[in-house]
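Single-structure report; data block below.
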Amino acid sequence: MPKFVIEQSEPLRGEVEISGSKNAVLPIMAATLLTDDVCEINDVPHLTDVLVMCDILRSMGAKVNEDWKTHSLIIDNSGLNTSEAPSELVKKMRASFFIMGPLLARTGRASIALPGGCSIGNRPIDLHNKGLRQLGAVIRIEQGKVDAMIEQPKGALVYLDFPSVGATENIMMAATLATGVTTIENAAEEPEIVDLANFLNKMGAKIKGAGTDTIKIEGVSKLHGTRHAVIPDRIETGTFMIAAAITRGDILIKNAVPDHVRPMIAKLMECGVIVNDEVDGLRVRGDIRNLVATDIKTLPYPGFPTDMQSLFMSFLTTVEGTSTVIETVFENRFMHAAELSRMGANIEVNGRKATIPGNVYQLKGARVASTDLRGGAALVLAGLVAEGKTEVTEIYHIERGYEDFAYKLQSLGAKITREDD
Ligand code: UD1
Numbered sequence: 108m109p110k111f112v113i114e115q116s117e118p119l120r121g122e123v124e125i126s127g128s129k130n131a132v133l134p135i136m137a138a139t140l141l142t143d144d145v146c147e148i149n150d151v152p153h154l155t156d157v158l159v160m161c162d163i164l165r166s167m168g169a170k171v172n173e174d175w176k177t178h179s180l181i182i183d184n185s186g187l188n189t190s191e192a193p194s195e196l197v198k199k200m201r202a203s204f205f206i207m208g209p210l211l212a213r214t215g216r217a218s219i220a221l222p223g224g225c226s227i228g229n230r231p232i233d234l235h236n237k238g239l240r241q242l243g244a245v246i247r248i249e250q251g252k253v254d255a256m257i258e259q260p261k262g263a264l265v266y267l268d269f270p271s272v273g274a275t276e277n278i279m280m281a282a283t284l285a286t287g288v289t290t291i292e293n294a295a296e297e298p299e300i301v302d303l304a305n306f307l308n309k310m311g312a313k314i315k316g317a318g319t320d321t322i323k324i325e326g327v328s329k330l331h332g333t334r335h336a337v338i339p340d341r342i343e344t345g346t347f348m349i350a351a352a353i354t355r356g357d358i359l360i361k362n363a364v365p366d367h368v369r370p371m372i373a374k375l376m377e378c379g380v381i382v383n384d385e386v387d388g389l390r391v392r393g394d395i396r397n398l399v400a401t402d403i404k405t406l407p408y409p410g411f412p413t414d415m416q417s418l419f420m421s422f423l424t425t426v427e428g429t430s431t432v433i434e435t436v437f438e439n440r441f442m443h444a445a446e447l448s449r450m451g452a453n454i455e456v457n458g459r460k461a462t463i464p465g466n467v468y469q470l471k472g473a474r475v476a477s478t479d480l481r482g483g484a485a486l487v488l489a490g491l492v493a494e495g496k497t498e499v500t501e502i503y504h505i506e507r508g509y510e511d512f513a514y515k516l517q518s519l520g521a522k523i524t525r526e527d528d
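Throughout the sequence shown, residue numbering follows my numbering, covering 108 to 528 in sequence.
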């Protein structure tokens with residue numbers, strides 16, 4: 108099993124290029140199931156989650172051509188020959204449930220293994236199913252499988268009890284081929300929803316309001332192939348912002364979209380980090396002022412993203428003063444706190460609230476385990492400033508969502524290597 112070995116490093120300096128967004132490309136790949144035509148997706152990040160989605164599509168009869176020199180995928184779903192996704196692949200990745208909406212709309216049937224719980228919380232699919240049922244689907248959950256049938260999706264008013272990203276995407280994709288108009292109220296507003304809507308509209312869908320809490324989808328009878336470049340990854344952007352802040356470095360983050368990372372900019376600036384939107388990218392400097400504590404509460408977009416919470420927590424262990432972090436989106440997303448405490452961070456977790464006593468010199472290298480994708484990356488960043496050597500194990504979590512993580516950090520001066528354990 109590979110691991111990252113990290114030595115305390117000098118402040119990171121230089122330029123880094125952000126890859127395409129994991130959370131945008133996965134639903135976009137699923138959305139190609141809505142047409143027999145060929146679709147080309149550009150700026151695709153080379154990640155294990157993307158490779159799993161390629162395999163899921165192939166296993167159902169798609170031709171998927173991967174070109175990692177150009178970071179492009181060409182997907183041809185004309186040979187789609189089943190409505191059943193293979194359980195062993197689906198179970199590898201929760202995002203495989205994105206194929207439910209498009210498969211159902213295109214073939215009238217979808218049979219997919221129930222995406223299990225995961226380390227960050229229970230993660231049910233009731234909102235996905237509620238919305239799809241409102242479009243006319245009959246859904247049964249039996250023996251760990253979700254079986255859905257629909258004659259023809261019909262436009263409906265869908266109110267989401269919580270603005271779930273995945274449910275908004277699944278319902279939006281299914282509604283593109285419905286008769287009549289579907290309105291999703293209390294929809295998620297994340298930039299990845301807007302990117303998916305842009306892709307679907309290029310395929311001939313009629314979607315308005317993506318990026319607001321009310322999305323209207325006027326159904327069409329057919330969608331066609333298209334070409335689309337995925338938006339840059341805002342969580343990878345945020346990760347390198349934290350890398351600059353925690354090491355007191357100076358990083359120019361190229362290909363960042365400042366509008367997508369407003370909460371990170373605001374919170375880092377509250378701590379004293381300098382963030383400038385320059386012509387070439389977002390420049391983040393942690394080397395000018397003394398950095399101080401702040402309080403964070405995760406919320407659906409445009410609030411502070413839950414995916415950045417663990418990374419920000421690593422940074423907060425290094426500032427002056429005590430910070431608090433409240434996690435409102437997932438029920439169990441503080442596992443990294445125990446690992447950080449093994450590095451000397453002394454974080455106190457009480458339900459959904461974590462209290463972080465900051466202290467510039469407290470982190471000490473240790474052998475710690477990635478608990479989930481972002482939690483793992485948070486430990487790597489902590490390792491950069493911890494005294495001595497840190498080993499981060501279980502890095503398959505990290506490689507699900509970061510392209511060339513060690514290489515990009517090395518190019519900024521980090522002492523990190525990927526080794527076999
Ligand atoms: C997506 C992102 C993930 C991010 C999350 C929240 C992808 C591939 N993943 O996950 O990185 O952390 O958004 O920004 O895009 N919920 C229900 N019922 C449902 C669906 C969700 O109760 O049917 C709850 C979940 O348990 C969770 C909350 O809603 O507490 C948010 O989940 P959701 O927005 O659906 O996250 P995902 O789409 O799974």
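Ideal placement from N, C-alpha and C gives every residue a C-beta, glycine not left out.
For Gly-388, the enclosing beta strand (DSSP E) stretches over residues 388–392. Short note on Phe-441: C-beta not closer than 8 Å to any heavy atom of the ligand UD1. Straight across, the Cα-Cα distance linking Phe-204 with Val-467 is about 42 Å.
For His-443, no beta strand (DSSP E) run applies; the uninterrupted alpha helix (DSSP H) run containing it begins and ends at 442–449, by DSSP. Counting along the chain, no beta strand (DSSP E) covers Val-337, and no H or E run does either.
Below 8 Å, enough C-beta pairs join the segment 258–278 and the segment 232–243 to call them touching: three or more. Cα atoms of Pro-270 and Glu-296: separation of roughly 8 Å, rounded to the nearest angstrom. Taking 8 Å as the cut-off, the C-beta of Val-301 does not count as close to any heavy atom of the ligand UD1.
Residue pairing by DSSP places Met-256 opposite Arg-216, Val-245 in a beta bridge.
Annotated three-state conformation of Cys-146 is strand, per DSSP.
Here the alpha carbons of Lys-329 and Lys-323 stand approximately 17 Å from one another. Glu-297 has its CB nearer than 8 Å to a heavy atom of the ligand UD1. The Cβ neighbour count for Glu-506, taken over all protein chains shown within 10 Å, is at least 16; the residue is labelled buried. Between the segment 475–487 and the segment 430–446 there are three or more C-beta pairs closer than 8 Å, enough to call the two in contact. Residue environment for Val-386: exposed (fewer than 16 other C-beta atoms within 10 angstroms of its C-beta).
Where Ile-314 is concerned, the enclosing beta strand (DSSP E) starts and stops at 313–315. Pro-152 has its CB no nearer than 8 Å to any heavy atom of the ligand UD1.
Taking 8 Å as the cut-off, the C-beta of Pro-270 counts as close to a heavy atom of the ligand UD1. According to DSSP, Asp-162 shares a beta bridge with no other residue. Relative to the non-hydrogen atoms of the ligand UD1, the Cβ of Asn-236 comes within a distance shorter than 8 Å of at least one. Sorting Ala-281, Ala-312, Ile-182, Gly-316 by C-alpha distance to the C-alpha of Asn-293 places Gly-316 at the top. Taking the Cβ of Asn-383 as the reference point, every heavy atom of the ligand UD1 lies at 8 Å or farther away. Lys-522 has its Cβ no nearer than 8 Å to any heavy atom of the ligand UD1. Closest in alpha carbon position to Lys-460, among Phe-422, Lys-404, Pro-370, is Lys-404. Relative to the ligand UD1, the nearest heavy atom lies less than 8 Å away from the CB of Ile-232. Under the DSSP assignment, Val-368 falls outside any alpha helix (DSSP H); it carries neither an H nor an E label. In terms of CA proximity to Gln-115, Leu-470 leads the group Glu-510, Glu-455, Leu-470, Asp-528. Bridge pairing for Lys-329: absent [DSSP].
In the three-state scheme derived from DSSP, where H, G and I count as helix and E and B as strand, Asn-184 is classed as coil.
Around Ala-169, the same chain offers Ile-182, Asp-183, Asn-184, Gly-186, Leu-187 as residues with beta carbons nearer than 7 Å, after the five sequence neighbours per side are excluded. By the beta-carbon neighbour count (other beta carbons within 10 angstroms, threshold 16), Ala-220 is buried. For the ligand UD1, a non-hydrogen atom lies closer than 8 Å to the CB of Glu-438. By the beta-carbon neighbour count (other beta carbons within 10 angstroms, threshold 16), Thr-424 is buried.
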